[in-house]
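Novice: Provided herewith is a single structure, encoded as structure tokens, for subsequent inquiry.
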Amino acid sequence: MNLLLAGGTGLVGNELLTICSAQTHHVTSVGRRPTGRASREIVAGFSKLPLLPGADAAVCTLGTTIRQAGSREAFREVDYAAVLSFAAAARAADIRHFLVVTAVGAQPDASVFYSRVKGELERDLQKMDFSRLDILRPGLLIGPRKGGRPVEAFLQRIAPIADRIMLGAWRRYRSIEARALAHCLLALASQQTPGVFIHHYDEMSALLSGMDYH
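Read in the working numbering, the sequence shown has 150 at position 150, and its numbers run on one by one without any break.
Given below as structure tokens:
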């Protein structure tokens, strides 16, 4: 499979590159920094992307936190503007399938700023006329993070216990390993049924059922 990837230096993107390398998929990485691991690297800022090559699908795992970004405006620049810029460049390259990682609770009218930005992103991606759009909404991501995230590190430690008490509608907030999420992305990238598909914990778990992703 031939993939275009934005966010290859992050937690999920790095896992996806590892899997793709083992399975000999061709990945073109797009971003401000080279991954050093992709089949091809396009190093560019998302505010001014060059013409991108065609691919079977474009995958976006871009994301930051308000703390890391430094302000709400800087956070929005990454989690909204950069993702939409990449999506627009993918459509200009006639890529018809787009996959994006957002977050559980994403709603354009959410009272929480983080969830609202994610929701606005999902809304505007759906206006871009992709034949197929896969939106993955994980809860807490489990995996080694770069930089200090003490709260997230604590949540990762208690996730096995917290997950067991998240029942019913709360199941969608359960944690998922970054590597498992990367396997979901790769599996979904090969699907061709047109439409908009939103994947929460249960949908991703069903996709991973029977799959050895460790």
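Glycine included, every Cβ here is placed at the ideal spot set by N, Cα and C.
Here the structure is a predicted model, which means the values were calculated and not measured.
Threshold first: 4 residues or longer. Then list the alpha helix (DSSP H) segments lying entirely within the region 40-86, N to C.
Specialist: Taking only runs of at least 4 residues, the alpha helix (DSSP H) segments lying wholly in the region 40-86 are 66-69, 72-76.
Novice: Which residues does DSSP list as the beta-bridge partners of G105?
Specialist: BP columns for G105 are empty, so no partner.
Novice: With DSSP run on the structure shown, which of helix, strand or coil describes F113?
Specialist: helix
Novice: In the DSSP output, what is H199 paired with across the bridge?
Specialist: L136
Novice: Smallest Cα separation from V83: which of G54, R172, Q126, D56?
Specialist: Q126
Novice: Kindly indicate the opening and closing residues of the beta strand (DSSP E) around H26.
Specialist: 26-31
Novice: Can you tell which of S205, Q23, A55 has its C-alpha closest to the C-alpha of S29?
Specialist: A55
Novice: Give a yes or no on whether the C-beta atoms belonging to G7 and G63 are separated by under 9 Å.
Specialist: Going by C-beta atoms, G7 is nearer than 9 Å to G63.
Novice: If contacts are defined as beta-carbon pairs under 8 Å, then V12 and A187 qualify, I think. What distance do you get, rounded to the angstrom?
Specialist: Going by Cβ atoms, the distance from V12 to A187 rounds to 14 Å, so no, they are not a contact pair.
Novice: Sorted by chain position, which residues of the same chain lie with C-beta nearer than 6 Å to R172's C-beta, five sequence neighbours on each side aside?
Specialist: V104, H200, Y201
Novice: Count the other CB atoms, across all protein chains shown, that sit within 10 Å of the CB of T220; report buried if there are 16 or more and exposed otherwise.
Specialist: Nothing can be reported for residue 220: it is not among the residues displayed for the chain, which extend from 1 to 214.
Novice: Check each candidate in V117, C60, Q68, T61 and name the one with the smallest Cα separation from R76.
Specialist: Here the closest residue by C-alpha is V117.
Novice: For my contact list, V59 and A178 are in at a C-beta cut-off of 8 Å; report their separation, rounded to the angstrom.
Specialist: The Cβ separation is near 14 Å, so there is no contact.
Novice: Terminal residues of the continuous alpha helix (DSSP H) containing L167?
Specialist: Run containing L167: none; DSSP gives neither H nor E here.
Novice: DSSP on A88, reduced to helix/strand/coil?
Specialist: It is helical.
Novice: Would you decide whether L167 is buried or exposed? Buried here means 16 or more other CB atoms lie within 10 Å of its CB.
Specialist: Exposed.
Novice: What are the partner residues of H97, as DSSP defines its beta bridges?
Specialist: In the DSSP output, where bridge partners are listed per residue, H97 has R132.
Novice: Consult DSSP for A178 and reduce its assignment to one of helix, strand or coil.
Specialist: helix
Novice: Going by C-alpha distance, which of A22, L208, Q191, R33 is nearest L99?
Specialist: Q191
Novice: Below 8 Å on the Cβ atoms is my contact criterion, and I expect P34 with V43 to pass it. Report the Cβ-Cβ distance as a whole number of Å.
Specialist: Confirmed, Cβ separation roughly 6 Å.
Novice: If distances are taken between C-alpha atoms only, which option among L141, S131, T65, R157 comes closest to S115?
Specialist: T65
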